[in-house]
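**Q** Numbering (our numbering), first residue to last: 12 to 708. Glycine included, each C-beta is placed from N, C-alpha and C at the ideal position.
Right, here's the structure in full:
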């Protein structure tokens, strides 16, 4: 971690609550690590759950534990504190922590980070000995898998191939961890299963990948090489950049966890390679079981932009709740991809604070590539309003969400510590807000980079597509996805985005009803999986349907569509901006938007827009000039904003729409974003950007 002078910081007051306590304890932790504070305060006697958990994680380690916190929370805090030390920990300490019963998936993430500090040149022998001692003591299945993966990821060989082959894993995850370990041990292929003997497509591909690693070029590894055939030929250009989006589907914006980032990465990869001087871009995503079965895991998004799908041992999608369980496997698969002749990256850019991004970062380190991380105060900035006042004994949905968010904050800290290049998006709070939530950024350079959108390129079929979409929309208000043709002249509010609580479609409908706008406007919500909905999507859809069912007029004047392709959305927005369905406005009701690509696309199409005042939209929207800023923190505030927006004279709305389109055209094109990022990439990896660079296993 970058060293710097830190001013003396007093510990937060006992009983401090909510997000304010989180900010204060994080700053206190950094100052204490730098030797700028004295003794910590005594035992906690009051405070909400967030304040208590913040103190457990960021307070001094020698104070009495908070007995009101569950043991699992105290253990998670202790492990994350251990990982944040940024210096070697005696290997026996980490080994003892791993041996504790009941360790959960997210705790293994913290332990993996702590182990990495303890496996360097000065501690490697000690770490190897400790891992060997634990493995020979016949630990439980989860610890066995963790130790094997940790050893392999850090190039330790605590067990010989024969010893590892004698292990008897108790479950599928442990079997796979043993195969991964054996693939990197001399003679390990002798203990691997025969090619083609896996129980399903994932196992068959994993076995082939293990054989290819153990004996490069062997016929037993052919299925792996065939699945990634497009990367099997040496590529001599530089730089090669990898970007990742392992949660969600790149090809399905608006469905599941796929939002604007899928559109951004698709356009950015093309722009980086088309005119910004990047030789090749690989965009990492995850493969569905059917794609793994077909064995064709590389697609072409552009002449020098490839989509690479990583196999994942799941029947459904990877998500924040299950990603930690697959972190080690994802890191291993990514490292295997990075070893292919056509995929060796010079720089890897991750943009999410999740276990999947941390897995990619691990593979980048293993390969010797530079790491870029887009750092955002998410979920930091909403912690206070979401969790302040939550009682310490709370263990329901809110408690689970809080624990996931604290884990995400930990992952973000680890990515900040690992990153060679930090990228931030401009926002209303600027650098001050970022430093409030990441005090460790003091003294570190951050490349501030607004996002951009690809220009819309008209096609001959656009007119027909627009006509079909509008006909579908006004095909009858008796269905959840249609509006009455008689209401076609009413102002229409359009909202596009994935169905998720943070996007606040439910709050938008509540505000629309509260403001009485269902009596004089129509509403179209676009988002959600077109096929099987996720649990989150089904919940949001159900709540919206319940709200609309309370009023026959509202039910007739609101439509909910599943996600459209990005092309369809932009064609529809242009048709609406041209007045083909009467007046239309775009509304983004999110709790926050880090930048708001969907808002930019609506502006570029010529629609007047309204977006949250909190987050990135406030960087480019001037209230009343090129759009409107909404108070989306409450239903009442959102209702007031919508009422004001709909009541704006048509001439003012037209003026805002014209100014908004000009804003995007002049400042937020994808080519400008790509050029700026490419310069930053070259600066950070200048010495490493040699076409003949080789990674390590």
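Relative to the C-alpha of residue 39, which candidate in 113, 70, 495 and 61 has its C-alpha closest?
**A** Within the chain shown, residue 39 is the residue found at index 28, counting from 1. For the residues 113, 70, 495 and 61, the minimum Cα distance to residue 39 belongs to 70.
**Q** Residue 128 by DSSP, collapsed to three states: which one?
**A** What you label residue 128 is simply residue 117 of the chain shown in a count that begins at 1. Looking at residue 128 - three-state DSSP - the assignment turns out to be helix.
**Q** Can you name, in chain order, every residue of its own chain whose Cβ lies under 6 Å from the Cβ of residue 225, other than the five neighbours on each side?
**A** In the chain shown, residue 225 corresponds to position 214, counting from 1. Closer than 6 Å at Cβ, skipping near neighbours: 194, 199 and 200.
**Q** Going by beta carbon distance, what residues of the same chain come within less than 8 Å of residue 691, once the five residues before and after it are set aside?
**A** Reading the chain shown from its first residue, position 680 is the one you call residue 691. The answer, listed in chain order, is 383, 432, 434, 458 and 460.
**Q** How many angstroms separate the CA atom of residue 530 from the CA atom of residue 511?
**A** Locating residue 530 in the chain shown gives position 519, counting from the first residue. Locating residue 511 in the chain shown gives position 500, counting from the first residue. If you take the alpha carbons of residue 530 and residue 511, they lie about 26 Å apart.
**Q** Report the three-state DSSP secondary structure of residue 387 (helix, strand or coil).
**A** Counting from one through the chain shown, the residue named residue 387 turns up at place 376. Three-state DSSP puts residue 387 in coil, outside helix and strand.
**Q** According to the Cβ coordinates, are residue 309 and residue 241 closer than 7 Å?
**A** Along the chain shown, read from residue 1 onward, the residue named residue 309 stands at position 298. Along the chain shown, read from residue 1 onward, the residue named residue 241 stands at position 230. The answer is yes: Cβ separation under 7 Å.
**Q** With a CB to CB cut of under 6 Å and the five nearest residues on each side skipped, what residues in its chain are close to residue 162?
**A** Working through the chain shown from its first residue, we reach residue 162 at position 151. Excluding positions up to five away in sequence, the list reads 142 and 169.
**Q** What residue range does the alpha helix (DSSP H) around residue 233 cover?
**A** For the purposes of this step, residue 233 is identified with residue 222 of the chain shown, where counting begins at 1. Element bounds for residue 233: 233 to 238.
**Q** The alpha helix (DSSP H) that contains residue 547, what's its start and end?
**A** By one-based count along the chain shown, residue 547 stands at place 536. Note, residue 547: alpha helix (DSSP H), 546 to 559.
**Q** Counting only the same chain and skipping the five closest in sequence on each side, list residues whose C-beta sits under 8 Å from that of residue 558.
**A** One-based indexing of the chain shown puts residue 558 at position 547. These residues qualify, in order along the chain: 517, 520, 521, 524 and 565.
**Q** Where does the unbroken beta strand (DSSP E) through residue 254 begin, and where does it stop?
**A** Residue mapping note: residue 254 aligns to position 243 of the chain shown, counting from 1. 251 to 255 is the span of the beta strand (DSSP E), which, as asked, contains residue 254.
**Q** Thinking residue 116 and residue 336 are a contact (beta carbons under 8 Å), I'd like their distance in whole angstroms, please.
**A** Stepping through the chain shown from its first residue, residue 116 is reached at position 105. Stepping through the chain shown from its first residue, residue 336 is reached at position 325. The Cβ separation is near 4 Å, so the contact holds.
**Q** In the DSSP assignment, find the unbroken beta strand (DSSP E) run with residue 622 in it and report its ends.
**A** Here residue 622 corresponds to residue number 611 of the chain shown, with the count starting at 1. Looking at the DSSP string, the run of the beta strand (DSSP E) that includes residue 622 is 620 to 623.
**Q** Thinking C-beta only, is residue 65 closer than 7 Å to residue 91?
**A** Here residue 91 corresponds to residue number 80 of the chain shown, with the count starting at 1. Here residue 65 corresponds to residue number 54 of the chain shown, with the count starting at 1. It is not a contact, given that the beta carbons lie outside the stated cut-off.
**Q** Which class does residue 162 belong to by DSSP, given the choice of helix, strand or coil?
**A** Against the chain shown, residue 162 aligns to sequence position 151. Residue state, collapsed to three classes: helix.
**Q** Which two residues bound the contiguous beta strand (DSSP E) that contains residue 221?
**A** In the chain shown, residue 221 corresponds to position 210, counting from 1. Segment 212 to 225 is the alpha helix (DSSP H) holding residue 221; no beta strand (DSSP E) there.
**Q** Between residue 172 and the rest of its own chain, which residues show a CB-CB distance below 7 Å, the 5 nearest in sequence each way excluded?
**A** As a working mapping, residue 172 is identified with position 161 in the chain shown. Closer than 7 Å at Cβ, skipping near neighbours: 193, 196, 197, 198, 199, 201 and 202.
**Q** Mark residue 257 as exposed unless 16 or more other C-beta atoms lie within 10 angstroms of its C-beta, in which case mark it buried.
**A** Locating residue 257 in the chain shown gives position 246, where the first residue counts as 1. By the 10 Å Cβ count, residue 257 comes out buried.
**Q** By alpha-carbon positions, which one of 185, 324 and 140 ends up nearest to residue 216?
**A** For the purposes of this step, residue 216 is identified with residue 205 of the chain shown, where counting begins at 1. Taking only the C-alpha atoms, the option nearest residue 216 is 324.
**Q** Might you give, ordered along the chain, the residues of its own chain that have their beta carbon closer than 6 Å to the beta carbon of residue 585, omitting 5 neighbours on each side?
**A** Translated into the one-based positions of the chain shown, residue 585 becomes position 574. The answer, listed in chain order, is 616.
**Q** What's the call for residue 662, buried or exposed, on a 16-neighbour Cβ count within 10 Å?
**A** For this step, residue 662 is matched to residue 651 along the chain shown. The residue in question, residue 662, is exposed, as its Cβ has fewer than 16 Cβ neighbours within 10 Å.
**Q** With a CB to CB cut of under 8 Å and the five nearest residues on each side skipped, what residues in its chain are close to residue 305?
**A** As a position in the chain shown, residue 305 is number 294, starting the count at 1. The answer is none, since no qualifying residue turns up.
**Q** Could you spell out the range, first to last residue, of the beta strand (DSSP E) harbouring residue 294?
**A** As a first step, residue 294 is located in the chain shown; it is residue number 283 there, counting from the start. Element bounds for residue 294: 291 to 297.
**Q** What does the Cβ neighbour count give for residue 230, buried or exposed, with the cut at 16 atoms within 10 Å?
**A** For this step, residue 230 is matched to residue 219 along the chain shown. Classification of residue 230: exposed, given that the 10 Å Cβ count is below 16.
**Q** Tell me the residue span of the alpha helix (DSSP H) that contains residue 193.
**A** Looking up residue 193 in the chain shown gives position 182. It spans 183 to 193 - the alpha helix (DSSP H) in which residue 193 sits, taken as one unbroken run.
**Q** Which whole-angstrom value describes the C-beta separation of residue 515 and residue 600, a residue pair presumed to lie in contact below a C-beta threshold of 8 Å?
**A** By one-based count along the chain shown, residue 515 stands at place 504. By one-based count along the chain shown, residue 600 stands at place 589. Indeed they touch by this definition, with Cβ atoms about 4 Å apart.
**Q** Using a Cβ-Cβ cut-off of 7 Å (strictly less than) and excluding sequence neighbours within five positions of residue 347, which residues of its own chain qualify?
**A** Along the chain shown, one-based indexing puts residue 347 at 336. If we look at residue 347 and ignore the five residues flanking it on each side, its Cβ neighbours are 220 and 224.
**Q** Per DSSP, what kind of secondary structure is residue 378 in: helix, strand or coil?
**A** Numbered from its first residue, the chain shown carries residue 378 at position 367. DSSP places residue 378 in helix when its eight states are reduced to three.
**Q** Go to residue 578, then tell me how far its alpha helix (DSSP H) extends in each direction, as first and last residue.
**A** Taking the first residue of the chain shown as 1, we reach residue 578 at position 567. Segment 577 to 588, the alpha helix (DSSP H) holding residue 578.
**Q** DSSP on residue 357, reduced to helix/strand/coil?
**A** Numbered from its first residue, the chain shown carries residue 357 at position 346. Looking at residue 357 - three-state DSSP - the assignment turns out to be coil, as it is neither helix nor strand.
**Q** Can you list, in chain order, the residues of its chain whose CB lies under 7 Å from that of residue 320, leaving out five sequence neighbours each side?
**A** In the chain shown, counting from the first residue as 1, residue 320 sits at position 309. Same-chain partners within the cutoff: 296, 297, 298, 302 and 308.
**Q** Report back the beta-carbon spacing between residue 124 and residue 425 to the nearest angstrom; my notes put them in contact at under 8 Å.
**A** As a working note, residue 124 is residue 113 in the chain shown. As a working note, residue 425 is residue 414 in the chain shown. Yes, residue 124 and residue 425 are in contact; Cβ-Cβ is about 6 Å, under 8 Å.
**Q** Where residue 547 and residue 554 are concerned, what is the direct C-alpha to C-alpha distance, given to the nearest angstrom?
**A** On the chain shown, position 536 is the one that residue 547 refers to. On the chain shown, position 543 is the one that residue 554 refers to. Distance between the alpha carbons of residue 547 and residue 554 is about 11 Å.
**Q** First and last residue of the beta strand (DSSP E) that includes residue 598?
**A** By 1-based counting over the chain shown, the position of residue 598 is 587. Note, residue 598: beta strand (DSSP E), 595 to 598.
**Q** Does the Cβ-Cβ distance between residue 371 and residue 345 come in under 7 Å?
**A** The residue you call residue 371 lines up with position 360 of the chain shown. The residue you call residue 345 lines up with position 334 of the chain shown. Contact: yes.
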